[in-house]
């Protein structure tokens, strides 16, 4: 089976600097690919290119065999789930309304929505009693669970997660990591996960993509990165993270 | 020669209102006459004005300027027509010369009292058309007729305390040459005018050096307590008699004649014109002074008119109305003015705000335009709209002006409310795959609702306040008693309009606070 997402020679420049050097990447179906690297390495840019928040200067992005273009982007986005650090929930809508927003928009039936909602509550371990609450009435972890439900509502082929656990305290974070991994497994979900935490990357990643200064430095497992580093930056990055972890 | 400024001066000094102060100055009036000239010369305005002429079918409409004598004369004309069996209404205190002249030409009013000197210099702009028959001939070209003089000449005069005049033996303006020590307290516009202090001083070779500018109403007080010895006044001013003053004879005939007449549309019915003409020669100066004095004493200009009809005819409608009735009429009209204009501001302001929130030259342009409108003094905006076709002296004009004023707070708050939405939330809405319309309607506008509503609230309160100025162009509302009160120098009448207007603003504020709870989504109020 071919890759779900293909980036071919994609570049992106912002006003002053190159955010992404010519980059090629394939995201395999049913696997979790983790993008890792220091701040400003281009990992979020890559994610935003795939969801069409920005357009590449050159090269092409293909989703499920379709090149992403302005005229088909809206339809493609409905096949992609997107979760960001703070959850991105709309404060004026209840948890339920946030989750159902797109389903209502595309005209799903009431029953269908209700069934799916129950299913997602169980999947994400979110108490359905909390559904009428507004984002301001939920904890950080609860908000991320709602955000995840919203992203999964239309059963997307691809789930994009941009440091989804970055703002949570360690206990909540650990619980959510466990739940997330389980969810990916149960759904056979193709996911692209952005983090700067190596342990998290190791926990989730079938394949880890290490980026630095707008280019992909190395792909593989954490073991590959550790034992066969592609350059001094890889060793430096691995050692820095390991040093902290062993403290 | 500028009667509007004469009247405007009185009004502004008492109101102390920055906006009316600005707009009664020369600039807007200059603009109005310029615009008027422009429109008359270069467009098909006359045709438009005829199309929008409103008075053809209804009762005869009498206009008046905003000072006591004009009010009284307008009321007298209305009663005369009514007594002759011709339905008539009186639009009181519609503003100054240009506004009334435009309204008369446009057919929004059928007649109003005017002065020969003003007609020659302000309206015809013809210093040489001095005789009444020449003036009548020129007016006829615009379809306007003029009665014979009503019998009095309301021109400028210099006045001083009777006792002082007798003691010094001063009877004429020439006599002042012998008394250089006398202190002059002149109104600001008299100091500036082409027929004012400078040429007067030259003509009479007056030696007085101690000349100060002082407000007209305050000048009488200064004269009474001896701070000044001489001031300018209008010859039929009731205060001359009340304060035991004497008007000095203009022995060199410096001041032009200001014979009071009625101007009327020649298309008025013969009966109506005949009724107006019955007023010719019936009011000498003494009698007019008495009517003005009665109007000011009773704080009710209709009483001045009553005195004219000495047989004691039934008082007019305005007099018969009880205070609660009047208050309801004013308030309803006020709400109508403020409400319609606010509705328009919302309908146009929110979309403009949405466009402005996107920035760029168009966004900047919209915000710039709304800000510029806000800086035009409200009276000037009214004066600018009046000469335009479609507008004229009408409720439309008032609503349009208020609408333009209400725009800025709504546009600005809509734009800033939308711009304040965090980028991450905007991107979440886009990434979900919502269409642009849905994003705007279901995400961005609700999130900006607090800001938008507070803009609407600001507009509403501003509109309630500014709507009081609508009375200046005869659009009514709570400004009506405020204007009459200012003119009669009667604080009670002013408060009859000012207090309800203030209460109305408070109520509106309160209603919007309640609306906040309904319209701002609960999730944003946590």
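Residue numbers (this note's numbering), protein chains in the order written: chain A, 1 to 247; chain B, 1001 to 1526.
We treat Cβ as the ideally placed atom computed from N, Cα and C, and that holds for glycine.
These numbers were taken from a predicted model, which means no experiment stands behind them.
Please list, in chain order, the residues of the stretch 94-122 of chain A that have any C-beta partner in chain B closer than 8 Å. Of all residues in the stretch 94-122 of chain A, 94, 101, 102, 105 have a Cβ within less than 8 Å of some Cβ in chain B.
As assigned by DSSP and simplified to three states, the class of residue 1207(B): Reduced to three states, the DSSP call for residue 1207(B) is coil.
For the candidate residues 1106(B), 1076(B), 1456(B), 1067(B), whose alpha-carbon lies nearest to that of residue 1390(B)? Per the Cα distances, 1106(B).
To which residues of the same chain is residue 1171(B) closer than 8 Å at the C-beta, ignoring the five residues directly before and after it? The residues are 1165, 1248, 1249.
Sort 1511(B), 1444(B), 1435(B) by Cα distance to residue 75(A) and report the nearest one. Nearest in C-alpha terms to residue 75(A), of all of 1511(B), 1444(B), 1435(B), is 1435(B).
Taking the DSSP output, what are the residues bridged to residue 60(A)? DSSP lists 8(A) as partners of residue 60(A).
Residue environment, residue 1037(B), which counts as buried when at least 16 other CB atoms sit within 10 Å: Annotation note: pLDDT 42 at residue 1037(B) (below 50); position unreliable, no value reported.
Minimum C-alpha distance to residue 153(A) - residue among 140(A), 59(A), 101(A): Of all alpha-carbon atoms in 140(A), 59(A), 101(A), the one lying nearest the alpha-carbon of residue 153(A) is that of 101(A).
What residue ranges within the stretch 1438-1493 of chain B form continuous beta strand (DSSP E) runs of no fewer than 3 residues, ordered along the chain? Whole beta strand (DSSP E) segments, 3+ residues: zero.
So the candidates are 124(A), 12(A), 45(A), 50(A); which of them puts its Cα closest to the Cα of residue 176(A)? Nearest C-alpha to residue 176(A): 124(A).
What are the start and end residues of each continuous alpha helix (DSSP H) run of 4 or more residues lying completely inside the stretch 1207-1261 of chain B, in chain order? Within the stretch 1207-1261 of chain B, the complete alpha helix (DSSP H) runs of at least 4 residues are 1216-1224, 1238-1242.
Is residue 1214(B) close to chain A? Criterion is C-beta to C-beta, closer than 8 Å. Chain A contact via Cβ: absent.
Considering only the alpha carbon of each residue, which of 195(A), 171(A), 197(A), 158(A) lies closest to residue 189(A)? It is 158(A) whose Cα lies nearest to the Cα of residue 189(A).
Entirely enclosed beta strand (DSSP E) segments - the stretch 1130-1171 of chain B, minimum 3 residues: For the stretch 1130-1171 of chain B, whole beta strand (DSSP E) runs of length 3 or above, ordered along the chain, are 1144-1146, 1156-1161.
Which residues, in order along the stretch 1342-1367 of chain B, keep a beta-carbon less than 7 Å from a beta-carbon of chain A? Residues of the stretch 1342-1367 of chain B with a C-beta atom less than 7 Å from some C-beta of chain A do not occur.
How would you write the range of the alpha helix (DSSP H) that residue 1361(B) sits in, first residue to last? Residue 1361(B): member of the alpha helix (DSSP H) spanning 1360-1375, first to last residue.
Would you list the residues sitting across from residue 218(A) in a DSSP beta bridge? Answer by DSSP bridge pairing, in chain order: 210(A).
Assess, as a yes-or-no matter, whether the stretch 91-106 of chain A is touched by the stretch 120-136 of chain A under the definition of 3 or more beta carbon pairs within less than 8 Å. Yes, they touch.
Let me know the secondary structure DSSP gives residue 1090(B) once reduced to three states. In the structure shown, residue 1090(B) sits in a strand (DSSP, three-state: E or B).
Is the CB of residue 210(A) under 8 Å away from at least one CB in chain B? No, because no Cβ of chain B sits closer than 8 Å to the Cβ of residue 210(A).
Does the beta carbon of residue 1064(B) come closer than 8 Å to any beta carbon on chain A? For residue 1064(B), not one C-beta of chain A is nearer than 8 Å to its own C-beta.
Please go through the stretch 128-198 of chain A and give each complete beta strand (DSSP E) segment of 3 or more residues, from N-terminal end onward. Entirely contained in the stretch 128-198 of chain A, the beta strand (DSSP E) runs reaching 3 residues are, in chain order, 158-162, 190-195.
Report the option in 213(A), 214(A), 204(A) whose CA atom is closest to the CA atom of residue 220(A). Distances from the CA of residue 220(A) to each of 213(A), 214(A), 204(A) were compared; the closest alpha carbon is that of 204(A).
Rounded to whole angstroms, what's the CA-CA distance from residue 1361(B) to residue 1354(B)? Just pull it up for me. C-alpha separation (whole angstroms): 14 Å.
State yes or no: is the beta carbon of residue 164(A) nearer than 8 Å to at least one beta carbon in chain B? Not closer than 8 Å to any Cβ of chain B, the Cβ of residue 164(A) fails to qualify, so no.
Using beta-carbon positions only, say whether residue 1422(B) and residue 1521(B) come within less than 8 Å of one another. Not a contact, by the Cβ cut-off of 8 Å.
For the alpha helix (DSSP H) that contains residue 34(A), what are its first and last residues? Where residue 34(A) is concerned, there is no enclosing alpha helix (DSSP H), although the beta strand (DSSP E) it sits in stretches over 32-36.
With a threshold of 8 Å between beta carbons, is residue 1434(B) in contact with chain A? Under the 8 Å criterion on CB atoms, residue 1434(B) is classed as interfacial with respect to chain A.
Sorry if obvious, but does the Cβ on residue 1236(B) come closer than 7 Å to a heavy atom of the ligand GDP? Ligands in the displayed structure: none, and consequently the ligand GDP is not present.
Within 7 Å of chain A by C-beta, residues of the stretch 1495-1526 of chain B in sequence order: 1521, 1522, 1523, 1524, 1526: these are the residues of the stretch 1495-1526 of chain B whose beta carbon lies less than 7 Å from some beta carbon of chain A, given in chain order.
At least one CB of chain A closer than 8 Å to the CB of residue 1440(B): is that the case? Not an interface residue.
If residue 1337(B) and residue 1465(B) are in contact, beta carbons under 8 Å, what's the gap, nearest whole angstrom? Not quite, the Cβ-Cβ distance comes to about 12 Å (not below 8 Å), so this is no contact.
Assuming the contact rule is C-beta atoms closer than 8 Å, residue 226(A) and residue 208(A) should be a hit. Round their C-beta distance to whole Å, please. With a contact defined as Cβ atoms closer than 8 Å, residue 226(A) and residue 208(A) miss out at about 11 Å.
Taking the Cβ atom as the reference point for each residue, do residue 144(A) and residue 87(A) lie within a distance shorter than 8 Å? For residue 144(A) and residue 87(A), yes; Cβs fall inside 8 Å.
Which of helix, strand or coil does DSSP assign to residue 102(A)? Here DSSP, grouped into helix, strand and coil, assigns residue 102(A) to helix.
Using the C-alpha atoms, what's the distance from residue 1261(B) back to residue 1234(B)? Between residue 1234(B) and residue 1261(B), the C-alpha separation is close to 16 Å.
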